[in-house]
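Presented below is the structure to which this report refers.
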Amino acid sequence: MKTIYKGLFSFFLFSISSILVAQEKNSFFDSRHRVGFLVGYGTQNFGQLSLEVPYDYEITFFKAQYYYVLKKGQEISLELLAQPQFNLTQYRHIDFFSDKSNGFEVGLNIGALIRKNLNSSQMSIYAAISSGPHFVSGTPQRQVEGFVFSSNFMVGVNFRLNNHTFLDIRPSFRHISNLDFKKPNGGVNNLVLSGGVLVNL
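For what it's worth, the numbering used here labels the leading residue of the sequence shown as 6, then goes sequentially.
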């Protein structure tokens, strides 16, 4: 009987140790490569939060994401972020009475992200900036359609779902314009809320 108890106790200790080691090995900082997918919505007004601008430009985002860890410490990492994307848009001009038109965007953003690991690798918080070339099929009158740059300022939080997969929640601010290559170039701003998954490879 004592032998059985010793065996069960040893098995229990081994199981606990294996779980703890697995959690450590699957933290954000033990993988240099990550991939993810985000779906988001962008507008000029989120309830009481408003940009107070005289145009409508709504976006539904579909973003693939690739992360590469450039530098990592015990709790903080610096990462490179690439975001190819295809987005659906609805927009109308400054009178607010015209019907909305449908459009699309396609582009690539490249950025930098700083991440802080929290709660024994169960979650992390981050801030990021990114920019890149986009093609937009249609825009409000203040901004000519065609080639633009998309600049993004983001914060977010990741929650562990299992050993390799994390939930990704991200509010952000986005600005598009074309650096005055073509007029008009008034720019279009969006408040954005996105959600998706992140997987350590």
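For each residue, glycine too, the CB sits at the ideal point set by N, CA and C. All of these numbers come straight from a predicted model, not from anything done at the bench.
Item, Value
"In terms of residue numbering, what span does the beta strand (DSSP E) encompassing H139 cover?", "M128 to V141"
"Please check the pair R39 and N168, which I expect to be a contact at CB under 8 Å, by giving their CB distance rounded to whole angstroms.", "About 13 Å separates the two Cβ atoms, so there is no contact after all."
"Would you please verify whether the beta carbon of K187 is less than 8 Å from any beta carbon of chain C?", "Here chain C cannot be found, since the structure has a single protein chain."
"Determine the direct distance from the alpha carbon of Y46 to that of T94, and round the result to whole angstroms.", "10 Å"
"Of the choices R147, A69, I81 and P145, whose alpha-carbon is the least far from that of L203?", "A69"
"Please name the residue, chosen from H98, Q79, R37 and S136, that lies closest to E63 on a Cα-to-Cα basis.", "H98"
"If the criterion is Cβ atoms closer than 8 Å, does the pair L75 and L86 meet it?", "no"
"Is D185 helix, strand or coil when you go by DSSP?", "coil"
"Starting from G201, follow the beta strand (DSSP E) in both directions and report where the run begins and ends.", "V193 to N205"
"Alpha carbon to alpha carbon, what distance is there between D61 and G3?", "Here the chain covers residues 6 to 206 and nothing more, so residue 3 does not appear."
"Let me check understanding here. Comparing Cα to Cα, which of K105, N107 and M128 lies closest to I81?", "M128"
"Looking at the structure shown, is V26 part of a helix, part of a strand, or coil, going by DSSP?", "For V26, the predicted structure reports a pLDDT of 42, less than 50, and the residue's modelled location is therefore unreliable. A value from the coordinates is still provided. Looking at V26 - three-state DSSP - the assignment turns out to be helix."
"So, with DSSP's three-state summary, where would you put D61?", "strand"
"Please state whether the Cβ-Cβ distance between P189 and V153 is less than 8 Å.", "no"
"Within this structure, are the beta carbons of H180 and S199 separated by less than 8 Å?", "no"
"Helix or strand or just coil, what does DSSP make of M173?", "Note on identity: in this sequence residue 173 is Asp, with Met being the wrong assignment. Correct three-state label for D173: strand."
"So, is D3 buried or exposed, given that buried needs 16 or more other C-beta atoms within 10 angstroms?", "Residue 3 lies beyond the residue range present for the chain, which begins at 6 and ends at 206; the question has no answer from this structure."
"Report the partner residues of T94 according to the DSSP bridge assignment.", "I64 and G108"
"Strictly by DSSP, which residues pair up with L54?", "F51"
"Would you call Y96 buried or exposed, if buried means 16 or more other Cβ atoms sit within 10 Å of its Cβ?", "buried"
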